[in-house]
Structure formats: C-alpha cells, structure tokens
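This report concerns only the one structure given below.
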Amino acid sequence: MPTDVVIIGAGPAGLTLANLLQRNGIGCVVLEARDRSYVEERQRAGVLDHYGGRIFEEAGLAGQVLAGAPLETFLELRYDGEPHLLDVPALAGGRAGRIVPQQLLVRRLLAAFLAGGGDLRFEAGDVAVHDLTSSPRVTYTDASGTTHELACSYVAGCDGFHGVSRRSIPEDELTTYTFDHGIGWYTVLADAPPPRHPLMAIGRHGFAAQFARGTAASRFYLQYKPGAEDPRAWPDAETWDKLRVRLGDPDLPGGVITDREIVEMRSFVAEPMAYGKMFLAGDAAHIITPMGAKGMNLAIADAHVLAGALTSALRGDDTALRDYSDVCLRRTWDYQEFSRWFTEMVHDTEGDPFRRKLAKARFDRLFTNHAAGVAFADMMSGVELVT
Ligand code: APR
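Here our numbering runs 81 ahead of the position in the sequence shown, where the first position is 1.
Spelled out as structure tokens, the structure:
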C-alpha cells in the first residue's frame, strides 16, 4: 500500500504538516536527516504570530503546542535613544502573537505527532525523490545503511533551504529570486537581564536589538557591514560599548557572552512551490529576513494550506492542491515586502542622508498615523488570505 504523503524534513513546516494530516486521518511518513536531539535542540528565535496560533487552536492542538506560551504585548522602538512603545496587539484588534522559541515548538509538535502514533524516521540518509510526475517514490538509507523505498501519492518537501527537494526539480521548471540586503547582524547570547519589552534601536551608529531569552539572559543584535568587518573579532568590551551607544543606554549592564553568531540578510523565493506531485513548504521554497519574524510563520502557514489541499485531493478534489503554490506565493511576497520595508526602516543606510530621512518618516508615521500603526500590526499578527 502506498503511503498517502511522504514528508521530507522535521522542522516547523514538516511537523506542522504531519500533525495536521494526522488529525485529518491522512497517512504520512516523516523522513528527517538528523537525529532527534539535534532537531529538538536547534536554537532559533520564535514568535508565533496570531494567525499561526489559530492554526493550532483550530486543529485542536492548542493544549499540546501552545500551553504556557506568553502573549506578545508591547514592542519598544528606540530612535536615537528615545523610547517609543507600540502596542501591537491592541492595534491589531487584540490579535496577539505568542512567544514560542522554535525549539520548544518543534519539541512539542514532535511529541504530539508521536503521541498520535505518527511515523517519524530520524537519521534518514541519502533521501532521494523519484518519478514525481507519475507515481512518486522516496528512497533513503537508515542508520544501519539499509536502503528503503516508500511509494506515495504525494511528497511534501519541507527540508529547508539546503534540502534535497527543491534541488530535485529540473532547473528550467523553477524561477528563483534572490536578494542580498547588504546587511549583517552580529548576534550574541549573554547572561544579561532581559529587557521589559522586545527592543529595537535605530540610529546613525546602526541598528541594535535586545530580546529576552528566559528570565536571566538576553540575545543582542548589532548591525555590521558584511565583507568590510568581522564582528566576531571584536573584543567583548567593544561589543558592550557598541550596544550601550546604539541602545542609548550607558548603564546597560554587561554579562558573560555565551554564544556569538553572524547572520547575513538574504531573501530567496522559488516559483512555483510545486513540481508534479511534490509540494515545497517553508524554507525549502523561501528565505526571509528576520525583520518581522515571519520565517517560522510562513513555514507554518504553508503547512496549513498544504494540509487542507492534500486532504481534499486524497478525498477526490484536487482544486486546492492546484492552487497551493499561487496561494502560498501571494503570502510569501506580501511578507517579503513587509520584511524589506521593516528592514529599511530600522537599519542605517551607510550615511546616505536622504534614505535616513525617508526611514525616519516611515518610523514617525507608525506613531502619528493610526492607520499606519494598524497596517503594521496587521502584518505582525499574520495575514489570513482570502482566496
Ligand atoms: N533529508 C531529510 N531531512 C532533511 C534533509 C534531507 N535531505 N535536508 C534537511 N532536512 C531536515 C533538516 O535537518 C531540518 O530538520 O529538514 C528540516 C528543515 O527544517 P527547517 O530548516 O527548520 O525548515 P522549515 O521547517 O521550513 O522551517 C523554517 O526554520 O530556518 C528556520 O527561520 C526559519 O523559522 C524558519 C523555519
């Protein structure tokens, strides 16, 4: 008996899809390249937007997935050290997001899927897809080196940007769009008291941010120029000095830095998000900058649309499946535009005074024009597409 759906990848996209299909009574097997502890421990930021939260609520998974996750409240934006608070949930008509670190979400989704009798195979090596335009098959080798083959009705490529799914699509069947924002972030995790609210600071010395990581730690971000400097070479004292200047807080207490990373901001979209009977979801199809925290939410939204479409198709109506790529690309480009808009507003423009003035006008509009504040909050809370 062929499996209904083989899902490649157990990140937020693959695990959301697996749980939603399981709830719909659709058979699926999840193949994950890494072992369980790697998947569960991989640290990434996480804000689940309001729309993402509703997906789990409507699937009856709120108790298992969302329990105890604090609701988002204010966002603090500082301009040249001057604080401005934005009540994002109030502006969005009460649609608050939740603070859910990605690894916690992944751990909970994994537990929920396994508790429901789900079939999740870790350490699946050499995953390959075959005959995607006729009768799909997925092959892989298990940890002991034995090769397995799964025949299926559909394949879901949820294996991230570096996965095998997108790379298996013939080049002339895909159009890809890439954009380098020319902005780097140096991010450090430190044993330093968290801020009251998520904090982003804008000014001529460059962007900086501080977010809570539990009750005694913070993650900090500092804009840098890729190619021109390597912030990992900065002594910690210099990092703290820069943070104090950019956050406009000379009294910011320092602390032991426990992790240092750099992120270069790039965006990517592959079109269409489908080839034959394989459908791409999440980072396999698109990468977005962290501004606006939409990466994980896009992955979850794709999975939600795909779960509904696959369920209908397996019950005999493939209309939604044919629309899957178009529907998800609309949201993807909408979020890409938002993320770029946000990126331009908060990053320094290398001394270009005209662009700096434009960014300031954009910032001011958020606080002086109610409709602009509502539009911002609407994007932050997540957009439900009307199809
Ligand atoms: N075979 C099987 N599994 C694979 C393969 C492969 N060839 N390649 C990658 N994987 C697995 C990875 O080990 C990972 O667990 O696919 C999973 C992909 O997960 P993510 O990269 O987290 O992608 P996605 O589920 O789309 O979630 C996107 O994660 O990268 C962040 O910021 C991004 O928040 C966004 C979210």
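Even glycine gets a Cβ: it sits at the ideal position worked out from N, Cα and C.
- Task: Report, in whole angstroms, the separation of the C-beta atoms of residue 219 and residue 458, which I expect to be a contact under 8 Å.
- Result: The beta-carbon separation of residue 219 and residue 458, rounded to 41 Å, does not stay under the 8 Å limit for a contact.
- Message: If you reduce the DSSP assignment to three classes, tell me which class residue 164 lands in.
- Response: Residue 164 falls in the strand class under three-state DSSP.
- Query: Just curious, the beta strand (DSSP E) that residue 124 is in, first and last residue?
  - Reply: Looking at the DSSP string, residue 124 is not in any beta strand (DSSP E), and its letter there is neither H nor E.
- Between residue 115 and the ligand APR, is the CB less than 7 Å from at least one heavy atom? yes
- Query: What is the DSSP secondary structure of residue 154, reduced to helix, strand or coil?
  - Reply: coil
- Query: Roughly how far, in whole angstroms, is the beta-carbon of residue 405 from the beta-carbon of residue 354, given that I think they are within contact range, below 8 Å?
  - Reply: 7 Å
- Message: What would DSSP say about residue 409, mapped onto helix, strand or coil?
- Response: helix
- For residue 374, name the three-state secondary structure that DSSP assigns. coil
- Task: Output the distance between the C-alpha atoms of residue 207 and residue 101, rounded to the nearest integer angstrom.
- Result: 26 Å
- Message: Any residue with its C-beta under 7 Å from a non-hydrogen atom of the ligand APR counts. Can you list them all in chain order?
- Response: The answer, residue by residue, is 89, 90, 91, 92, 93, 94, 95, 112, 113, 114, 115, 120, 125, 183, 205, 208, 239, 240, 241, 242, 243, 244, 245, 362, 363, 364, 365, 376, 377 and 380.
- Message: Does the contact criterion of 3 or more C-beta pairs under 8 Å hold for the region 239-259 versus the region 276-293?
- Response: With fewer than three CB-CB distances shorter than 8 Å, the region 239-259 does not count as touching the region 276-293.
- Nonlocal neighbours in the same chain, by C-beta distance under 8 Å from residue 223, ignoring five residues either side: 202, 204, 205, 206 and 229
- Item | Boundaries of the beta strand (DSSP E) in which residue 461 is found, first to last residue | No beta strand (DSSP E) holds residue 461; the alpha helix (DSSP H) holding it covers 451-462.
- Which whole-angstrom value describes the C-beta separation of residue 106 and residue 84, a residue pair presumed to lie in contact below a C-beta threshold of 8 Å? Going by Cβ atoms, the distance from residue 106 to residue 84 rounds to 14 Å, so no, they are not a contact pair.
- Message: Is residue 413 close to chain D? Criterion is C-beta to C-beta, closer than 8 Å.
- Response: The chain labelled as chain D is not found in the depicted structure, where only one protein chain is given.
- Among 210, 122 and 279, which residue has its Cα nearest to the Cα of residue 179? 279
- Which of helix, strand or coil does DSSP assign to residue 134? Annotated three-state conformation of residue 134 is helix, per DSSP.
- Message: Run through the DSSP bridge pairs and tell me what residue 159 is partnered with.
- Response: 164 and 282
- Message: Relative to the C-alpha of residue 380, which candidate in 352, 412, 393 and 400 has its C-alpha closest?
- Response: 412
- Task: Report yes if the CB atom of residue 272 is closer than 8 Å to the CB atom of residue 298, and no otherwise.
- Result: Yes; because the gap between Cβ atoms is below 8 Å, this pair is in contact.
- Can the beta-carbon of residue 183 be found less than 8 Å from the beta-carbon of residue 122? no
- Message: Going by DSSP in three states, residue 384 sits in which element: helix, strand or coil?
- Response: helix
- Message: Can you tell me whether residue 417 is buried or exposed? The criterion is at least 16 other CB atoms within 10 Å of its CB, across all chains shown.
- Response: buried
- Item | Where residue 92 falls: helix, strand or coil (DSSP) | coil
- Message: Rounded to the nearest angstrom, what separates residue 313 and residue 336 at their Cα positions?
- Response: Answer to the nearest angstrom: the Cα atoms are 17 Å apart.
- What is the DSSP secondary structure of residue 87, reduced to helix, strand or coil? DSSP, read as helix, strand or coil, puts residue 87 in strand.
- State the CB to CB distance for the pair residue 362 and residue 238, rounded to an integer number of angstroms; the pair is presumed to be in contact (CB under 8 Å). 7 Å
- Task: Could you give the DSSP three-state label for residue 435: helix, strand or coil?
- Result: helix
- Query: Hey, residue 448 and residue 426 are a contact pair by Cβ (cut 8 Å); roughly how many whole angstroms apart?
  - Reply: Going by Cβ atoms, the distance from residue 448 to residue 426 rounds to 12 Å, so no, they are not a contact pair.
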